[in-house]
Amino acid sequence: KTHYRDGARFASIIALGEIGDKRAVGPLIRKLKDIDEGGFAHSSKWRSNAEWAVISLGKLGDSLATVPLIRLLETPMGGSAATALGRIGDNQSVEPLIMALKNDSKEVRSKVAEALGKINDKRATNPLISALQRPENDEEDESLDSWRQKEETVSVKTSIIEALEKMGVNVPAHNLKLPDLMNLIKEG
Numbered sequence: 056k057t058h059y060r061d062g063a064r065f066a067s068i069i070a071l072g073e074i075g076d077k078r079a080v081g082p083l084i085r086k087l088k089d090i091d092e093g094g095f096a097h098s099s100k101w102r103s104n105a106e107w108a109v110i111s112l113g114k115l116g117d118s119l120a121t122v123p124l125i126r127l128l129e130t131p132m133g134g135s136a137a138t139a140l141g142r143i144g145d146n147q148s149v150e151p152l153i154m155a156l157k158n159d160s161k162e163v164r165s166k167v168a169e170a171l172g173k174i175n176d177k178r179a180t181n182p183l184i185s186a187l188q189r190p191e192n193d194e195e196d197e198s199l200d201s202w203r204q205k206e207e208t209v210s211v212k213t214s215i216i217e218a219l220e221k222m223g224v225n226v227p228a229h230n231l232k233l234p235d236l237m238n239l240i241k242e243g
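Below, the structure is given as structure tokens:
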């Protein structure tokens, strides 16, 4: 019986985002608070529900969700929260997103750059340029983990470049501190 309720709750969270009715924003935000207080990071069921609540809030695009989503930037759901904030487009998320460009997770930094590009606020220009020039500590061996790290680095840098281009900033290729992509292709 509990399994059925959990499945119905999960489906409801997804449906609320798909329907697009702004009346769902409040219940979805409350769901985030319930999950946050319950330690979602320790339970895949809670994290899955929270992740979908975040995605649904982004689809609804209501700025009432901005502050609760900002609180999630430094959690395991930081990437999803950044994506949702980018969809909402509220300028009050710009400064917290800029701070999240320093996150240790390359996935989060990539999603943050994408969000900043969508919001298109000029305050993000210099921090994005700084993030583009951030050195990455990718391993220099031939292991699969090393290749994944390099691929993630390219993804982060690409997201940053695309964000800057959306803001009208020309990023000259000779200024990029990226791995030599041709060598990566030849070695792969």
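If you're matching positions, the sequence shown starts at 56 in our numbering and goes up one per residue. We put the beta carbon where it would ideally sit given N, CA and C, even for glycine.
Beyond the five residues adjoining it in sequence on each side, LYS173 comes within less than 6 Å, by CB distance, of GLY141 in the same chain, given in chain order. Within its own chain, the residues whose Cβ lies closer than 6 Å to the Cβ of ASP145, once the five positions on either side in sequence are excluded, are SER118 and THR121, listed in chain order. In the displayed model, ASN225 falls within coil according to three-state DSSP, outside both helix and strand. The count of Cβ pairs closer than 8 Å, one atom from the stretch 183–190 and one from the stretch 122–138, stays below three, leaving the stretches out of contact.
Collapsing the DSSP output to three states places MET132 in coil. Here ILE125 is buried. Its C-beta has 16 or more other C-beta atoms within 10 Å.
LEU115 sits away from GLY62, with the two beta carbons spaced by 9 Å or more. Fully contained in the stretch 123–189 are the following alpha helix (DSSP H) runs of length 4 or more, in chain order: 133–143, 149–155, 161–174 and 180–187. Nearest to THR208 by C-alpha distance, out of LYS177, LYS161 and SER103, is LYS161.
Out of ALA179, GLU169 and LEU83, the CA that lies nearest to the CA of SER210 is found in GLU169. The three-state secondary structure of GLU191, taken from DSSP, is coil.
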